[in-house]
Amino acid sequence: MTITRLGRGPRMSACVIHGDLVYTAGIVAGDPSADTAGQTRQILARIDALLAEAGTDKSCLLRANIWLADMATFEAMNRVWDAWVDPEATPARATVEARLARPDYRVEIMVIAAR
Amino acid sequence: MTITRLGRGPRMSACVIHGDLVYTAGIVAGDPSADTAGQTRQILARIDALLAEAGTDKSCLLRANIWLADMATFEAMNRVWDAWVDPEATPARATVEARLARPDYRVEIMVIAAR
Amino acid sequence: MTITRLGRGPRMSACVIHGDLVYTAGIVAGDPSADTAGQTRQILARIDALLAEAGTDKSCLLRANIWLADMATFEAMNRVWDAWVDPEATPARATVEARLARPDYRVEIMVIAAR
Numbered sequence: 001m002t003i004t005r006l007g008r009g010p011r012m013s014a015c016v017i018h019g020d021l022v023y024t025a026g027i028v029a030g031d032p033s034a035d036t037a038g039q040t041r042q043i044l045a046r047i048d049a050l051l052a053e054a055g056t057d058k059s060c061l062l063r064a065n066i067w068l069a070d071m072a073t074f075e076a077m078n079r080v081w082d083a084w085v086d087p088e089a090t091p092a093r094a095t096v097e098a099r100l101a102r103p104d105y106r107v108e109i110m111v112i113a114a115r
Numbered sequence: 116m117t118i119t120r121l122g123r124g125p126r127m128s129a130c131v132i133h134g135d136l137v138y139t140a141g142i143v144a145g146d147p148s149a150d151t152a153g154q155t156r157q158i159l160a161r162i163d164a165l166l167a168e169a170g171t172d173k174s175c176l177l178r179a180n181i182w183l184a185d186m187a188t189f190e191a192m193n194r195v196w197d198a199w200v201d202p203e204a205t206p207a208r209a210t211v212e213a214r215l216a217r218p219d220y221r222v223e224i225m226v227i228a229a230r
Numbered sequence: 231m232t233i234t235r236l237g238r239g240p241r242m243s244a245c246v247i248h249g250d251l252v253y254t255a256g257i258v259a260g261d262p263s264a265d266t267a268g269q270t271r272q273i274l275a276r277i278d279a280l281l282a283e284a285g286t287d288k289s290c291l292l293r294a295n296i297w298l299a300d301m302a303t304f305e306a307m308n309r310v311w312d313a314w315v316d317p318e319a320t321p322a323r324a325t326v327e328a329r330l331a332r333p334d335y336r337v338e339i340m341v342i343a344a345r
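Protein chains in written order, with my numbering: chain A, 1 to 115; chain B, 116 to 230; chain C, 231 to 345.
Set out below in structure tokens:
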């Protein structure tokens, strides 16, 4: 079974497709000067674009891992998430706090989707 | 291939079934007034119930991610885990410390199983 | 579909094979007296060995989760990772900081591969 890699760099790929499963990297904001809500919007737009390129969309989300630099921003992230996610097709999700690769990153989201 | 979602809410689902793979959310204790051992027991009972509803059981666990609010409770969690897990069918597991969504949550467990 | 478990202990397995998917545990250094670079080398050698035993190799990596005890070691870990990973076949990766099971563990890596 072939493996297709989108946004492939020498360290990691943004998205890997294998059979009917699509794995994204931990996606962070392109512009980390935004606040938690703004970073979440950027991340979810990037996930939409990766899923589209992989031939699927958010209605096929299976699992999501979310890391927040500060759990105090849980509700700010959730407001953007709740407006974005397909309420009929919500993934298995876990959200924990963790320091991220850069101090200005507030959120990181990694998903698995079907296609 | 159809996707079946158990315990589906507008934010997340408790469990998502796709083909022969079953993904649970990060499960936390229903009663977080319990200590680490008690929360772990509640979580594993909930995972048992979700796997049963998905048509499988803990002998088909593939992978588990465990988050502890305090790594000092590693052995307390492990005592409950070791008594629960099928010793002939143990998953690939990783346990790290992380602040969880509520300060009284001591443990969170997310699994992938086959069915 | 059968499930094959490598390095199976009563608590966890080092690697679980199900169909064409291979899940490793969160792998830590066998000798945690090494620094971050040394621990990363040990971990990646162990992952190479597990993937080989599972009938695959790093060119089939799909997803990687990396935990660092201290994000200040991000570049030290990346130097070893970049020298190891197949630049034509990089996985979807996420790296966050987390306290690990023992204070001398500096890195932990968990992967999913195809075979």
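Just so you know, even glycine gets a beta-carbon here, dropped at the ideal spot from N, CA and C.
- Rounded to the nearest whole angstrom, the CA to CA distance from Leu100(A) to Ala299(C) is 12 angstroms.
- Each residue's CA atom was taken as its position, placing Lys58(A) and Asp261(C) some 42 angstroms apart.
- Only residues of its own chain outside the window of five on either side were considered, and among them Tyr138, Leu177 and Arg178 have a CB closer than 6 angstroms to the CB of Ile227(B), listed in chain order.
- In summary, Gly124(B) is exposed, with fewer than 16 beta-carbon neighbours lying within 10 Å of its beta-carbon over all protein chains present.
- Look at Val111(A) here: in three-state DSSP terms it is strand.
- Taking C-beta atoms as the reference points, Met307(C) and Gly256(C) fail to come closer than 8 angstroms.
- The alpha-carbon of Ala267(C) is positioned some 12 angstroms away from that of Tyr335(C).
- Close to Glu168(B), with beta-carbon spacing below 7 angstroms, lies no residue of chain A; the smallest spacing is near 13 angstroms.
- The beta carbons of Arg156(B) and Val195(B) sit closer together than 8 angstroms.
- Counting along the chain, Gly141(B) sits inside no beta strand (DSSP E), nor does DSSP assign it H or E at all.
- Around the Cβ of Thr2(A), a 10 Å sphere holds fewer than 16 other Cβ atoms; the residue is exposed.
- For Gly122(B), the three-state secondary structure derived from DSSP is strand.
- The Cβ atoms of Leu50(A) and Ala83(A) do not sit closer than 8 angstroms to each other.
- When DSSP states are grouped into helix, strand and coil, Leu165(B) belongs to the helix group.
- For Leu50(A), there are no C-beta contacts with chain B under 7 angstroms, since the nearest C-beta of that chain is about 18 angstroms from it.
- For Pro333(C), the closest Cβ of chain A is not nearer than 8 angstroms.
- For Ser243(C), the nearest CB of chain B lies under 8 angstroms from its own CB, placing it at the interface with that chain.
- From the listed residues Met12(A), Thr4(A), Gly7(A) and Arg5(A), the smallest Cα separation to Val315(C) is found for Met12(A).
- At a cut-off of 8 angstroms between beta-carbon atoms, Leu298(C) makes no contact with chain B.
- Put simply, of Arg93(A), Glu97(A), Ile47(A) and Leu21(A) the residue whose alpha carbon is nearest the alpha carbon of Val28(A) is Ile47(A).
- Val211(B): member of the beta strand (DSSP E) spanning Ala207 to Glu212, first to last residue.
- Judged by beta-carbon spacing, Ala328(C) lies within the 8 angstroms limit of Val211(B), meaning their Cβ atoms are closer than that value.
- Burial state of Arg323(C) is buried, judged by a 10 Å Cβ sphere holding 16 or more other Cβ atoms.
- Between the C-alpha atoms of Val131(B) and Thr171(B) there is a straight-line separation of about 13 angstroms.
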